[in-house]
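K.L.:
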Amino acid sequence: MTGQLFQGELVKLVAMDPTTEAEERSPWSLDSEYQRMLDAEVVRPWSPRRIREAWEKREPGNGEYPFSIRTLEGNRLIGSVGLEAAHSIHGDAWVWIGIGDREAWGKGYGTDAMCVILRYAFDELNRRRVCLNTFEYNHRALGLYQKLGFVEEGRVRKFINRGGRRWDMIYMGLLKEEWIRR
Amino acid sequence: MASEGLEMMDHHIDTPLFVGARIYLDAYDLERDPVVESGWTHDPDYLHLLGGEPAMPFTPSQVRKQRQTLDQETGAAYLFAIRLPADARLIGTLELAPVQWALGNVDLKLAIGLAADRGKGYGSEALQLGLQYAFTELNLFRITVKIPDYNFTALKMLQDSGFIVEVRLRKAILKAGDYWDGLILGLLREDWERRRKDNEGDR
Numbered sequence: 527m528t529g530q531l532f533q534g535e536l537v538k539l540v541a542m543d544p545t546t547e548a549e550e551r552s553p554w555s556l557d558s559e560y561q562r563m564l565d566a567e568v569v570r571p572w573s574p575r576r577i578r579e580a581w582e583k584r585e586p587g588n589g590e591y592p593f594s595i596r597t598l599e600g601n602r603l604i605g606s607v608g609l610e611a612a613h614s615i616h617g618d619a620w621v622w623i624g625i626g627d628r629e630a631w632g633k634g635y636g637t638d639a640m641c642v643i644l645r646y647a648f649d650e651l652n653r654r655r656v657c658l659n660t661f662e663y664n665h666r667a668l669g670l671y672q673k674l675g676f677v678e679e680g681r682v683r684k685f686i687n688r689g690g691r692r693w694d695m696i697y698m699g700l701l702k703e704e705w706i707r708r
Numbered sequence: 176m177a178s179e180g181l182e183m184m185d186h187h188i189d190t191p192l193f194v195g196a197r198i199y200l201d202a203y204d205l206e207r208d209p210v211v212e213s214g215w216t217h218d219p220d221y222l223h224l225l226g227g228e229p230a231m232p233f234t235p236s237q238v239r240k241q242r243q244t245l246d247q248e249t250g251a252a253y254l255f256a257i258r259l260p261a262d263a264r265l266i267g268t269l270e271l272a273p274v275q276w277a278l279g280n281v282d283l284k285l286a287i288g289l290a291a292d293r294g295k296g297y298g299s300e301a302l303q304l305g306l307q308y309a310f311t312e313l314n315l316f317r318i319t320v321k322i323p324d325y326n327f328t329a330l331k332m333l334q335d336s337g338f339i340v341e342v343r344l345r346k347a348i349l350k351a352g353d354y355w356d357g358l359i360l361g362l363l364r365e366d367w368e369r370r371r372k373d374n375e376g377d378r
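Chains as they are written, first to last, in the numbering used here: chain G, 527 to 708; chain F, 176 to 378.
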């Protein structure tokens, strides 16, 4: 048994605390490219106050496991990662990740955080399947998920209208047996 | 010119949106319809055909609360009762929700309550009205439907209407010891309009 369930080689996952993190998170929302990678919501700037209010409305538990990602070196907040719908009777869960701090892109932090959350999903929550979706323009994310062994399961055609054209939303899945094999 | 353009499309301002040959779409009655729906939830097949959620009988007031919550998202949810004209009996529900306006997408959910009312083409008729409503009234770009792959009837009906299986979530559903795939199907407005035009040409 490992005592380092929340720790990877470069990052650690800690409790997400918007009351103390809102000031640090707010500038990320001004980065529209980042927001467009993250989800399909209409992009808008989020004030620290709005971030806090949105978080207060969310009910923890119910299969939701959100974490903040901090670097092991310097304890810097760089992003978030989480699981959703992880209490499904079918044993599956949805994973999402966002590295809001641009300085932290391309340095392996996302890969490391994904490895930690997948281990948490399979070994702690006993999930047998983890899935996700992303947009076809998010090359960085697609590369990461393929590297981790996620298999493309299909494309919701022309799902999102951004930057003057429509793009597919790509679904990917990773079964526990596939994860163990790696 | 303008009128010529309208002639080419086979839907018009006076095309009925709610009336099919044998069923019609009506406002959902929050007082009476949940009583009927509550009865349907006592048939496990009813909920299993819709998706992977565990079958669970709901009381009329629980159904009412679920429907109210859906209704409260004003402008984002369109819920219809499917009824038979003879006696206005509720035979199913058609749900277009949530509408994602910025994406031009909506999820469509269609259910026929009693096993005795299935296999008669009622669902197919309601589906055609739902597509017409989503594309010509809500002006959406695409429609998404999620079903478990063991619901062969729904799969065939959707494919017959032009839907394409876009995503196959492998082994996402565990039901009575067997694994099943979750399916996501999509229909684009451009494909729906082309089919309509082709059908018109065949006549």
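Just so it is clear, CB atoms sit at the ideal spot from N, CA and C, and this is done for glycine as well.
1. Beta-carbon separation of I359(F) and E341(F) under 7 angstroms?
2. Starting from the beta carbon of N280(F), find every residue of chain G whose beta carbon is closer than 7 angstroms, and list them in chain order.
3. Quick one: which chain G residues come within Cβ less than 8 angstroms of A347(F)?
4. For E585(G) and chain F, any beta-carbon pair shorter than 7 angstroms?
5. Please go through the same chain and pick out, in chain order, the residues whose beta-carbon is closer than 6 angstroms to the beta-carbon of G624(G), but skip the five residues on each side of it.
6. Does E679(G) get closer than 7 angstroms to chain F when you measure Cβ to Cβ?
7. Considering Cα atoms alone, identify which of G279(F), R343(F) and D324(F) is closest to R364(F).
8. Starting from I412(F), find everything on chain G with Cβ-Cβ shorter than 8 angstroms and list it in chain order.
9. So the candidates are F310(F), F255(F), L245(F) and K346(F); which of them puts its Cα closest to the Cα of H368(F)?
10. Taking the alpha-carbon of E585(G) as reference, which of P553(G), R654(G), E610(G) and V642(G) has the nearest alpha-carbon?
11. Does the beta-carbon distance from I257(F) to L269(F) come in below 7 angstroms?
12. If you measure between the beta carbons of E312(F) and I198(F), is that distance less than 7 angstroms?
13. Give the C-beta separation of M156(F) and L302(F) to the nearest angstrom, bearing in mind that I take them to be a contact with Cβ-Cβ under 8 angstroms.
14. Quick check on T545(G): buried or exposed, where buried means 16 or more other Cβ atoms within 10 Å of its Cβ?
15. On a Cα-Cα basis, can you pick out the residue from V642(G), G534(G), I696(G) and K538(G) that is closest to W729(G)?
16. DSSP puts K321(F) in a beta bridge; with which residues?
17. Under 7 angstroms between C-beta atoms, does A277(F) make it to chain G?
18. Based on Cα-Cα distance, which residue from A230(F), Y203(F) and R343(F) lies nearest to G357(F)?
19. What does A263(F) pair with, by DSSP beta-bridge criteria?
P.N.:
Let's see:
1. Stepping through the second sequence from its first residue, residue 359(F) is reached at position 184. Stepping through the second sequence from its first residue, residue 341(F) is reached at position 166. Contact: yes.
2. The residue given as residue 280(F) occupies position 105 in the second sequence. The contacting residues are F685.
3. Counting from 1 along the second sequence, the entry for residue 347(F) is found at position 172. Within 8 angstroms Cβ-Cβ: H616, D618, R655, C657 and G699.
4. Working through the first sequence from its first residue, we reach residue 585(G) at position 59. Closer than 7 angstroms: no.
5. Within the first sequence, numbered from 1, the residue matching residue 624(G) stands at position 98. Contacts found: L564, G605 and S606.
6. Position 153 of the first sequence, counted from the first residue, corresponds to residue 679(G). Answer yes: the Cβ-Cβ gap between E679(G) and chain F drops below 7 angstroms somewhere.
7. One-based indexing of the second sequence puts residue 364(F) at position 189. Looking at the Cα atoms, G279(F) is the closest of the given residues.
8. The structure shown does not extend to residue 412(F), since chain F spans only 176 to 378, so no value can be given for it.
9. For the purposes of this step, residue 368(F) is taken as the residue at position 193 of the second sequence. Looking at the sequence shown, residue 368(F) is not His but Glu. Considering only alpha carbons, the answer is F310(F).
10. Along the first sequence, one-based indexing puts residue 585(G) at 59. Taking only the C-alpha atoms, the option nearest E585(G) is E610(G).
11. Walking along the second sequence from the start, residue 257(F) turns up at place 82. Walking along the second sequence from the start, residue 269(F) turns up at place 94. Result yes, Cβ atoms of I257(F) and L269(F) sit closer than 7 angstroms.
12. Taking the second sequence and counting its residues from 1, one reaches residue 312(F) at position 137. Taking the second sequence and counting its residues from 1, one reaches residue 198(F) at position 23. The answer is no: Cβ separation not under 7 angstroms.
13. Here chain F covers residues 176 to 378 and nothing more, so residue 156(F) does not appear.
14. Translated into positions along the first sequence, residue 545(G) becomes position 19. So T545(G) ends up on the exposed side.
15. Because chain G in this structure spans residues 527 to 708, residue 729(G) falls outside the shown range and cannot be described.
16. Counted from its first residue, the second sequence places residue 321(F) at position 146. I359(F), per the DSSP bridge assignment.
17. For the purposes of this step, residue 277(F) is identified with residue 102 of the second sequence, where counting begins at 1. It does: the Cβ of A277(F) has a partner Cβ on chain G nearer than 7 angstroms.
18. By one-based count along the second sequence, residue 357(F) stands at place 182. For G357(F), the nearest C-alpha among the options comes from R343(F).
19. Counted from its first residue, the second sequence places residue 263(F) at position 88. Answer is none; A263(F) lacks a bridge partner.
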